[in-house]
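See structure below.
Number of protein chains: 2
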Amino acid sequence: MEISKDLTAASSTPIVLSILNDGDSYGYAILKRVRELSGGEIEWTDGMLYPVLHRLERLGHIKARWGESETGRQRKYYRITASGRAHLDEERRQWKVVNTTMRGIWGSIQVAFTRTPPARPLLLLAPQGI
Amino acid sequence: MEISKDLTAASSTPIVLSILNDGDSYGYAILKRVRELSGGEIEWTDGMLYPVLHRLERLGHIKARWGESETGRQRKYYRITASGRAHLDEERRQWKVVNTTMRGIWGSIQVAFTRTPPARPLLLLAPQGI
DNA sequence: TGCGATACCTAGCACTGTTATGTATAATGG
DNA sequence: CCATTATACATAACAGTGCTAGGTATCGCA
Numbered sequence: 001m002e003i004s005k006d007l008t009a010a011s012s013t014p015i016v017l018s019i020l021n022d023g024d025s026y027g028y029a030i031l032k033r034v035r036e037l038s039g040g041e042i043e044w045t046d047g048m049l050y051p052v053l054h055r056l057e058r059l060g061h062i063k064a065r066w067g068e069s070e071t072g073r074q075r076k077y078y079r080i081t082a083s084g085r086a087h088l089d090e091e092r093r094q095w096k097v098v099n100t101t102m103r104g105i106w107g108s109i110q111v112a113f114t115r116t117p118p119a120r121p122l123l124l125l126a127p128q129g130i
Numbered sequence: 001m002e003i004s005k006d007l008t009a010a011s012s013t014p015i016v017l018s019i020l021n022d023g024d025s026y027g028y029a030i031l032k033r034v035r036e037l038s039g040g041e042i043e044w045t046d047g048m049l050y051p052v053l054h055r056l057e058r059l060g061h062i063k064a065r066w067g068e069s070e071t072g073r074q075r076k077y078y079r080i081t082a083s084g085r086a087h088l089d090e091e092r093r094q095w096k097v098v099n100t101t102m103r104g105i106w107g108s109i110q111v112a113f114t115r116t117p118p119a120r121p122l123l124l125l126a127p128q129g130i
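Given below as structure tokens:
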């Protein structure tokens, strides 16, 4: 499926950070991982990904190091930083706000399934004050 | 909450089309509706909204007509077109693909909460090897 | 009279994905 | 042995778009 430019722009950073948050990776592998995670629906180009990686590195959200594959190929591995994790958290919060808002407009179907918490939980594992 | 530029760009079109899909409206009212729908989290500026409306009109997704408020103020009302509804459907599909993908990565970070209870929970406070 | 809310509009800036192109190596198939 | 594909990284020019900052105007209220 073709994803619009704007949606790609909005999702590329949190997706890359999320992938790196699961473990170090490199450009080509990230492209394949995105395709895999989306069930083949999202197809990124390398010309779009590399500038994203360079920008994230410039901002200090990820750090690069050169490494070698089993076959001897040079690879540039990226690792998420503490700053990157904080940024990812912020992006996730924003994404959820927007997603919730949009689903609110779309979904007259969606029923809020709020459940009143029990007045007295069966197990008081962490009482306040401790 | 501050929503990033990219996320705003990606969500502005489907949000505007969704609001107009619920009924005709005009610029200033759309701004208030977005704030209301998001629970006050999304604050659009008019300088951002009007170009969006003009673009959607140029693309044929909405149609404008001048009207009058109860007080005699001039208002530019917008109505969604058939083309606009089709575009909205397409945007929703894309949004869902991306959202599902992102939730997939985020979910993998969290610990899976399987129904299978631990064999001896009380005694497994420390993993083997300690 | 002054102020905030209502109601619309636009120019220039900065950022970013797309497209196209370049470089190089390893594996595969004929 | 050679051609093709996959792997692996990089950048320049282009086009689209929100943001900032500014402008115009009416209405209700104190």
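Line by line, the protein sequences give chains A and B.
Counted from 1, the first sequence has number 56 at position 56 by this note's numbering; the numbering is strictly sequential.
Counted from 1, the second sequence has number 70 at position 70 by this note's numbering; the numbering is strictly sequential.
Backbone N, C-alpha and C fix where the C-beta goes; we use that ideal spot for every residue, glycine too.
Does chain B have any CB closer than 7 Å to the CB of residue i?
i	result
residue 45 (chain A)	no
residue 80 (chain A)	no
residue 11 (chain A)	yes
residue 41 (chain A)	yes
residue 89 (chain A)	no
residue 71 (chain A)	no
residue 25 (chain A)	no
residue 16 (chain A)	no
residue 97 (chain A)	yes
residue 84 (chain A)	no
residue 59 (chain A)	no
residue 7 (chain A)	yes
residue 53 (chain A)	no
residue 67 (chain A)	no
Could you check whether the Cβ of residue i sits closer than 7 Å to any Cβ belonging to chain A?
i	result
residue 1 (chain B)	yes
residue 74 (chain B)	no
residue 30 (chain B)	no
residue 62 (chain B)	no
residue 49 (chain B)	no
residue 56 (chain B)	no
residue 20 (chain B)	no
Check the DSSP bridge columns for residue i and list the partner residues they point to.
i	result
residue 15 (chain A)	Residue 15 (chain A) is not bridged to any residue.
residue 78 (chain B)	B:25 and B:64
Where does residue i sit, in a helix, a strand or coil, going by DSSP?
i	result
residue 62 (chain B)	strand
residue 25 (chain A)	strand
residue 2 (chain A)	coil
residue 67 (chain B)	strand
residue 42 (chain B)	coil
residue 73 (chain B)	coil
residue 8 (chain B)	helix
Given residue i, which residues of its chain have a CB within under 6 Å of its CB, disregarding the five upstream and five downstream residues?
i	result
residue 41 (chain A)	1
residue 8 (chain B)	none
residue 65 (chain A)	77
residue 91 (chain B)	14
residue 56 (chain B)	62
Apart from the five residues on each side of it in sequence, which residues of its chain come closer than 8 Å, Cβ to Cβ, to residue i?
i	result
residue 137 (chain B)	In the structure as shown, chain B starts at 1 and stops at 130, and residue 137 (chain B) therefore has no counterpart that could be examined.
residue 25 (chain A)	19, 33, 77 and 78
To which residues of the same chain is residue i closer than 7 Å at the C-beta, ignoring the five residues directly before and after it?
i	result
residue 74 (chain B)	66 and 68
residue 88 (chain A)	14, 17, 18 and 21
residue 60 (chain B)	81 and 83
residue 27 (chain B)	46, 49, 50, 53 and 76
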